[in-house]
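Inspection log for the structure reproduced underneath, given as structure tokens.
Protein chains in written order, with the working numbering: chain W, -7 to 664; chain B, 8 to 286.
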């Protein structure tokens, strides 16, 4: 018993910080329907500002006021005003992608501003973290434990009072269901939303500065792990009850420390299970508790006030324009392949080959998210399974990577089924969280084993041979990558135009409607994951063979988030979008490596901020750009034709190209 | 005709005045130059076939959809650019089409949310009592989630708010949609009671017979334009000539907006109801 308490006591600060974060998370989720994955990043930002200010010789109270009381809420207000206010009634993916973008961008921006050198010994806000202040029933209680407990009790108590006296909780719940109906009750929904963001971002900032002194160094990854725990605590509270969330956070903090106390120290299990525990709890809760299953989500009855969403399918084009676009695309692709093999340096050939390999992995997201509307945050893990399988087969059985790629794909597919089967009833954000939990578990617990990813030392994945042909050289491997991409792209294209693709499209449109025409949505979800994971596995094996050595670091769980952001930003709906995303990803990375090291994470900033455009352009910025250019070309052609002959003959285009509001014919007027 | 009415004395007669209002949903235009007036304490019926723009008028009035042209005056003030919450605070209550209650809140929470705003924290208890007096059924179910109420009970809940705390104007959109005839009687009874409290009514309906009995004045919309303003008797007489035969009314061609927003209305074949009284 006394040993249990000894193990549990250091868990109190963690538990309190988890609880603070989780309460903030639930606040924004309740008020804006956004699952703010950027919360950990916001905590990191406040902790960093506090650190820098204290080291610059500011008094601690002043640093605290600037970092937590001013900056924290300000960030929340800005995010609400500029971004999340517009996503309140949007589908889950539109609410998730910008948050993911911020999760990636904010830490990188923070590092660019405050430098990348390690920030050692983060200061405590008050009380000396290492001093024993008193003994509780014989157990020593240090400054951290007192500080976090006091802060949590004061802040959460204040929140409870505020809720009771102002009716704010009721208003928040009303806004989540329907902002417009809340306005009809005379309540300014924007103000309720903004207030929730300010309040919750204050919680994030406070949690950030309280958490920082628990680690020897201020690093962004500690805060991402913190977010993970907070999500689990929020799930314990059913994403709505603040008191249960609080209890869940503290409970998780204690459980983590007790667990790591009793597990044999120094093993992968004890060092890996501790960070993965919250997400195991989360995954089990989401899968087992029926309340979290999708379908219970209430839609806004006033959604019809929005203008109809523009169609994502390309509009019919004038024959000249579509033929021109096709010729142009082929010319660009040809020029790219030609220059890759002729005049570019070996470095750039590698970069372009890498882009093709990433394009294969990204195709798995095209299939799963673009075609079927499922959110997966573990695609990098599937790729890792493929890569490690190929590496293990090559080193143990001397198997060629070409065979390893096929087996790796099959194995990844099996793993995909393993994840999707228990989660087959989940959709939307819940599914995304389960896959994130899985990625974290694999990353921390499975991949470090020597029979899997072999920890930090990694695995050798040789370049393959096919009879007399060796793919060892850069040019030969380029052709291999192009071939695999062609096969994978062709497969996705065939799936899309086949029955399965139509069923997947139906599932994306509406799961209920799909079920009414006889589609087994749960089975289909598993099928989609199996297909997608297979593609990712093949891509992962190819990536391994390109790099020649791979370690679990190459497939860390954060990478899955980056993948989703990159593909969603560039274009998630089309095969060409995946290829453009792959090339953009590696080419930009190559350009950025030539910049000073301070800007090493500029890529994350670029894509993170670009992801914010997803709210307006869910078809992807590149796809949107193409459409704008084609629209212009079409107008030009029509104008030329009209100028050429007196009988305007824009017969190829079946649509009215004047989208200005005044030009609609009255008989097309809609709205009851 | 409408314009001359509005000019006759907008400040005196018009609690709600629409002047040359137009509205759009993205590229689709829903209203063209709509003008009419709701005098204080009166009941005006807004009728027309599917897709005529009735609900859009209701949304423009309450600020949910912004007018792309023209002006909306309420109680002498220009509310055209006001956000919906400000319009609501000025005394204009809008019960939207379909589900008009918060499904995830309990019955009592639905009432408290509105009352706290309308009469302040102190007045909530009295207002609740008045609401429950009007509809004892709501008191029996005050802890139940509003989404689990029957369609009729949900309408009662919307109306109870206005009965307990009278507003200047109540805009109701397709209140009788999907209800059994007995329940429709009850709903229209409640509307009469609300009117007796001094609240003016703007009633969007497809049940012509019911609404003609209630209204002092009728505005008929067709394809986004006002085609008739006048007495209920005149509207009934005109109905056949105004409404085109089935299959030629825009719904058959319907734009994407019609599909997205109004599945329920399309299913109810309201057109027959509009033309039936005149037969």
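Glycine included, every Cβ here is placed at the ideal spot set by N, Cα and C. Just so you know, these numbers come straight off a predicted model, no measurement behind them.
Would you give the residue range spanned by the beta strand (DSSP E) that residue i belongs to?
i: residue 127 (chain W); result: 124 to 128
i: residue 43 (chain B); result: 35 to 46
i: residue 385 (chain W); result: Here residue 385 (chain W) belongs to no beta strand (DSSP E); instead the alpha helix (DSSP H) covers 371 to 389.
i: residue 54 (chain B); result: 50 to 54
What residues from chain B crowd round residue i, counting only those whose CB sits closer than 9 Å?
i: residue 370 (chain W); result: By Cβ distance, chain B contributes nothing, its closest Cβ being about 31 Å from residue 370 (chain W), past 9 Å.
i: residue 166 (chain W); result: 109, 111, 112, 116, 117, 120
With which residues is residue i paired in a DSSP beta bridge?
i: residue 179 (chain B); result: B:102, B:210
i: residue 229 (chain B); result: B:232
i: residue 134 (chain W); result: W:124
i: residue 25 (chain B); result: B:43, B:79
i: residue 461 (chain W); result: W:458
i: residue 32 (chain B); result: B:35
i: residue 85 (chain B); result: B:80
i: residue 237 (chain B); result: B:225
i: residue 209 (chain W); result: W:112
i: residue 152 (chain B); result: B:113
Which chain B residues are close to residue i, counting only those with a beta carbon under 7 Å from its beta carbon?
i: residue 179 (chain W); result: 92, 124
i: residue 297 (chain W); result: 66, 71, 72
i: residue 294 (chain W); result: 71, 103
i: residue 169 (chain W); result: 109, 110, 111
i: residue 172 (chain W); result: 71, 91
Whose Cβ in chain W lies nearer than 7 Å to the Cβ of residue i?
i: residue 96 (chain B); result: 178
Following the continuous alpha helix (DSSP H) through residue i, name the residue where it begins and the one where it ends.
i: residue 74 (chain W); result: 64 to 74
i: residue 171 (chain B); result: 158 to 171
i: residue 106 (chain W); result: 84 to 106
i: residue 161 (chain W); result: 160 to 169
i: residue 192 (chain B); result: 188 to 203
i: residue 43 (chain W); result: 31 to 47
i: residue 447 (chain W); result: Neither: residue 447 (chain W) is in no alpha helix (DSSP H) and is coded neither H nor E.
i: residue 546 (chain W); result: Premise fails: residue 546 (chain W) is in no alpha helix (DSSP H) and is neither H nor E.
i: residue 139 (chain B); result: 114 to 141
i: residue 8 (chain W); result: 3 to 24
i: residue 485 (chain W); result: 466 to 489
i: residue 353 (chain W); result: 338 to 357
i: residue 361 (chain W); result: First-last for residue 361 (chain W): undefined, no H or E at that position.
Does the beta carbon of residue i fall short of 8 Å from some heavy atom of the ligand FAD?
i: residue 560 (chain W); result: Although the ligand FAD was asked about, the structure shown includes no ligands whatsoever.
Report the CB separation of residue i from residue j in whole angstroms; it is logged as a contact under 8 Å.
i: residue 469 (chain W); j: residue 475 (chain W); result: Not a contact, Cβ separation roughly 10 Å.
i: residue 233 (chain B); j: residue 41 (chain B); result: 5 Å
i: residue 218 (chain W); j: residue 9 (chain W); result: 7 Å
i: residue 560 (chain W); j: residue 603 (chain W); result: 6 Å
i: residue 287 (chain B); j: residue 26 (chain B); result: Outside the displayed range of chain B (8 to 286) lies residue 287 (chain B), so it cannot be described from this structure.
i: residue 279 (chain W); j: residue 415 (chain W); result: 6 Å
i: residue 232 (chain W); j: residue 22 (chain W); result: 6 Å
i: residue 7 (chain W); j: residue 250 (chain W); result: No, residue 7 (chain W) and residue 250 (chain W) are not in contact; Cβ-Cβ is about 11 Å, not under 8 Å.
Applying a beta-carbon distance threshold of less than 8 Å, which residues of chain B neighbour residue i?
i: residue 175 (chain W); result: 70, 71, 90, 91, 92, 95
i: residue 87 (chain W); result: Result: empty, since nearest Cβ-Cβ is about 18 Å, beyond 8 Å.
Does residue i come within less than 9 Å of chain C when only Cβ atoms are used?
i: residue 128 (chain B); result: In summary, chain C is missing from the structure at hand, where the protein chains are W and B.
### Query
Along the segment 98 to 115 of chain B, what residues have a CB closer than 9 Å to any CB found in chain W?
If the cut-off is 9 Å between Cβ atoms, the segment 98 to 115 of chain B has 100, 101, 102, 103, 104, 105, 106, 107, 108, 109, 110, 111, 112 near chain W.
### Query
In chain order, what residues of the segment 152 to 164 of chain W put their CB closer than 8 Å to some CB of chain B?
Considering only beta carbons, the part of the segment 152 to 164 of chain W lying closer than 8 Å to chain B consists of 159, 162, 163, in chain order.
### Positions along the segment 64 to 77 of chain W whose CB lies within less than 8 Å of some CB in chain B
Of all residues in the segment 64 to 77 of chain W, none comes within less than 8 Å of chain B when Cβ atoms are compared.
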